[in-house]
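Participant: Encoded as structure tokens, here's the structure I'll be asking about.
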Amino acid sequence: MGFEWLPAKNYKRHYICLKCQKGFKRASKEDIKNPVDDDFSNLMSDYYEATSQIDIVKYINAAYEKIKVSCPQCKNAMKQVHYDFEVPALRDNKSWKNLRATLLTTIDYETYIHWHRIQLQETPPNTSTYQLLTQNLEKLSKLTHSKK
Ligand SMILES: [Zn+2]
């Protein structure tokens, strides 16, 4: 699936600052104190459990703004990376240049698209949820296509 879930107790968020060329970890203790998390499955469940659905793209963007973590050095928004992501050395400018090119899009819509595809397989057709999932999947797919 390309996406791994971690037990909550081991869950630490890893971030990189593309400007400072450094990686930062956020302690899990802090995560407990800040229940507003980016647990993406919860994020999507909350969306579909809410009665008044706002635009899926607006919702994702708002959620993203909330979880944005600033770099302790330059105060710019950092990019969250997978926990086993290997942070290049500070002087490894070539690797950082590549990262800037590939990680430029701040929101990874593909992950959301993937989630929708799975949900659609598990949701009975002819339900309102199914319709909404289909609509939102279309919206999200358009976003990634227009970028390419
Ligand atoms: Zn920085």
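Oh and the sequence shown: position 104 is 105 in the working numbering, straight run, nothing missing. Quick reminder that beta carbons are idealized off the backbone N, C-alpha and C, glycines included.
Would the beta-carbon of Lys20 be found less than 7 Å away from any heavy atom of ligand 1?
Facilitator: Yes, Cβ of Lys20 sits closer than 7 Å to a heavy atom of ligand 1.
Participant: Distance check for Thr130 and Cys21, CA to CA, integer angstroms please.
Facilitator: The alpha-carbon atoms of Cys21 and Thr130 are separated by roughly 43 Å.
Participant: Would you mind sorting Lys95 into buried or exposed? The rule is 16 or more other CB atoms within 10 Å of its CB.
Facilitator: It is exposed - the Cβ of Lys95 has fewer than 16 other Cβ atoms within 10 Å.
Participant: Inspect the CB distances between the stretch 108-122 and the stretch 132-143 and report whether three or more fall short of 8 Å.
Facilitator: Result yes; three or more Cβ-Cβ pairs closer than 8 Å.
Participant: Between the Cα of Met79 and the Cα atoms of Gln54, Ile68 and Glu87, which residue gives the shortest distance?
Facilitator: The residue with the shortest Cα to Cα distance from Met79 is Ile68.
Participant: Just verifying my parser: in three-state terms, what is the DSSP assignment at Ile55?
Facilitator: Coil.
Participant: Let me make sure I understand the geometry here. Which of Leu19, Leu133 and Gln136 has the alpha-carbon closest to that of Pro1?
Facilitator: Residue 1 cannot be examined here, being either before or after the span of the chain that is shown, 2 to 149.
Participant: Buried or exposed: which applies to Gln136, given that a residue is buried once 16 or more other Cβ atoms fall within 10 Å of its Cβ?
Facilitator: By the neighbour-count rule (16 or more Cβ atoms within 10 Å), Gln136 is not buried but exposed.
Participant: In or out: Leu134 buried (at least 16 other Cβ within 10 Å) or exposed?
Facilitator: Leu134 is buried by the Cβ-count criterion.
Participant: Label Ala90 either buried or exposed according to how many other C-beta atoms from any shown protein chain fall within 10 Å of its C-beta, with 16 as the threshold for buried.
Facilitator: Exposed is the call here.
Participant: Quick one: residues in its chain with C-beta nearer than 8 Å to the C-beta of Lys34, no 5 flanking neighbours on either side, listed in chain order?
Facilitator: For Lys34, the predicted model reports a pLDDT of 48, less than 50, meaning its position is unreliable and no value from the coordinates is stated.
Participant: For Arg92, report the span of its alpha helix (DSSP H) as first-last.
Facilitator: It is not in any alpha helix (DSSP H) - Arg92 carries neither H nor E in the DSSP assignment.
Participant: With H, G and I counted as helix, E and B as strand and the rest as coil, what does DSSP make of His115?
Facilitator: Three-state DSSP puts His115 in a helix.
Participant: Quick one: grab the DSSP three-state call for Gln122.
Facilitator: If DSSP states are grouped into helix, strand and coil, Gln122 belongs with the helices.
Participant: Taking a contact to mean a Cβ-Cβ separation below 8 Å, would you say Leu44 touches Ala64 in this structure?
Facilitator: Against a cut-off of 8 Å, the Cβ pair of Ala64 and Leu44 comes out as a contact.
Participant: From this set, Glu66, Ser46 and Leu100, which residue's C-alpha is nearest Ile119's C-alpha?
Facilitator: Nearest C-alpha to Ile119: Ser46.
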